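Per my numbering, the sequence shown starts with residue 251, numbered consecutively.
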Amino acid sequence: MLQKKTVDDLKVQGKRVLVRCDFNVPLKDGVITDENRITAALPTIEKLIKDGGKVILCSHMGKPKGEPKPELSLAPVAVRLSELLGKEVVFAKDDNVVGENAKKAVAEMKDGDVVLLENTRYRKEETKNEENFSKELASLADIFVNDAFGTSHRAHCSTVGVTAFVEESAVGYLMEKEIAFLGNAVNNPVRPFVAILGGSKVSDKINVINNLLEKVDTLIIGGGMAYTFAVAQGGHVGESLLELDKVDYAREMIEKAKEKGVNFLLPVDTVITKEFKNDTEFKTVSTGEIPDGWMGLDIGEKTRALFADAIKGAKTVVWNGPMGVFEMENFAKGTKAIAEAMASIDATTIIGGGDSAAAVNQLGYGDKMTHISTGGGASLEFLEGKELPGVVAVDDK
Ligand code: AMP
């Protein structure tokens, strides 16, 4: 159980509540192309409105690197949020985030009103967690709620610093839900517990592999990172992704899996090409037998069946990282097979954000999963067994 205060522990009537959301949504020509993160924030916002709080929202968007960038303004989010909430969201358009507009808008708020501040990363202090900006943010509010799971692995002013200068702090419903799903899966899973890791690099997932080997019954590795394991087993991988400096580590992990009695599954075959593009000749060969001049871009048919079979018997499945270059249709079959297998079983199925979440949604399996995390980096750190600074900083119950 989460030992942190949640929005259910707060009395917000008449109080100014600053809520850190994750409104870092993709934009194309000023239009929001995926609003999942906005809809995911609604339960907390609606609860605070209903309870009579003055709801001041803040978030970052993209990487403006400490200066105002009009294309990374949160203005389009205010418009969409107004529509979704069915009430006005006042956008405080200040290049310095906590400026005259924000102060005036907050001063004029009635209970249940909503204000959205400008992109917190317009301020260079934000990502350095500098006290002056934390204090400015806190000066607008009495209470702070962190509902930005996707940024909770970062100690910034709007996620950590601000908590020191408000009367009270709590986590929001989205944060609570993310922690409950990921926390239960990792620390208290219904077994068999299967974890699937993919994506491009072993180096990004070193601690994840190490930590998960302590917890899972089966660990499946696919994607670009599998070739480093193939080399560790004495295979030849041609021009495939390879991290030579991680080969020893891969060997250690294979040993560790044996010691722990973990069923450690690596690809047995792989789809190879000569060029990194969709419309090109491709064929399937056994893992570790990739000729020079060829590269592996997806898991092969036998591997798809092997992995799907392991997933079928699971009661808890956590997946992070695609099995191949799923952005290209010819190399999306492995990723699709995993999504299909997970969608078809009666188990707790969790997608750890980032590329795998995008892949699952793109392939149309989004609503078949128990939980799709809104935070790629944060969920990886969770799977590493790390504490998230944005959660730690919130008041205990
Ligand atoms: P990551 O950001 O580490 O989760 O990796 C995701 C990226 O890995 C996606 O863009 C995939 O296209 C890429 N990827 C997966 N498998 C391969 C592979 N075999 N070769 C090259 N890139 C890959």
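All C-beta atoms in this analysis are idealised placements derived from N, C-alpha and C, irrespective of residue type, glycine included.
What you are looking at is a predicted structure, and each value in this text was computed from that prediction instead of being measured.
So, under 8 Å CB-CB, residue i and residue j are touching, yes? Tell me the CB distance rounded to an integer number of Å.
i    : j    : result
K562 : A591 : 7 Å
I540 : H486 : 6 Å
V512 : L463 : 6 Å
P517 : T553 : 4 Å
H403 : E579 : Not confirmed; about 33 Å, so no contact.
G422 : D392 : The pair is not a contact, with the Cβ atoms about 16 Å apart (cut-off 8 Å).
T624 : L424 : 7 Å
Which residues bound the beta strand (DSSP E) around residue i?
i    : result
N396 : I393 to N396
L447 : F443 to L447
V364 : V364 to L367
R266 : R266 to R270
L307 : K304 to C308
S649 : It is not possible to answer for residue 649, since the shown part of the chain is limited to 251 through 647.
Where do the ends of the alpha helix (DSSP H) carrying residue i lie?
i    : result
K508 : V497 to K510
R554 : E551 to K562
T585 : K583 to A593
R287 : N286 to K300
D605 : G604 to Q612
V327 : A325 to L335
S629 : G626 to L633
L462 : I456 to L462
A357 : E350 to A357
Classify residue i as buried or exposed, calling it buried when 16 or more other Cβ atoms lie within 10 Å of its own Cβ.
i    : result
D498 : exposed
P314 : buried
T294 : buried
A430 : exposed
N570 : buried
R526 : Position check: residue 526 holds Phe in this sequence, whereas Arg was assumed. Label assigned to F526: exposed.
A355 : buried
E428 : buried
V437 : Sequence check: residue 437 is Asn here, not Val. Exposed is the call here.
T283 : exposed
Beta carbon of residue i: closer than 7 Å to some heavy atom of ligand 1?
i    : result
V535 : no
S450 : yes
G280 : no
L516 : no
D454 : yes
D519 : no
V575 : yes
L494 : no
G604 : yes
P276 : no
L334 : no
L547 : yes
L491 : yes
G571 : yes
Could you name the residues of the same chain whose beta carbon sits closer than 6 Å to that of residue i, not counting the 5 residues immediately before and after it, in chain order?
i    : result
G474 : S450 and L491
T534 : D519, V521 and G550
V575 : L547 and F581
V262 : L298, D301 and G303
Give every residue of the same chain whose Cβ lies closer than 8 Å to the Cβ of residue i, excluding the five residues on either side of it in the sequence, and list them in chain order.
i    : result
C308 : L268, V269, R270, C271, V347, L366, L367, T370, L387 and S408
By Cβ distance below 7 Å, which residues in the same chain neighbour residue i in space, the five residues on each side in sequence not counted?
i    : result
E493 : K451, V452, S453 and T478
K647 : Q253, K254, K255 and D259
T413 : F394, S419, A643 and V644
K508 : none
S332 : E338 and V339
E375 : N382, F383 and C407
G280 : P326
E489 : G543, W544 and M545
Could you tell me if the beta carbon of residue i falls within a distance shorter than 7 Å of some heavy atom in ligand 3?
i    : result
G474 : Looking for ligand 3 in the displayed structure turns up nothing; the ligands present are ligand 1.
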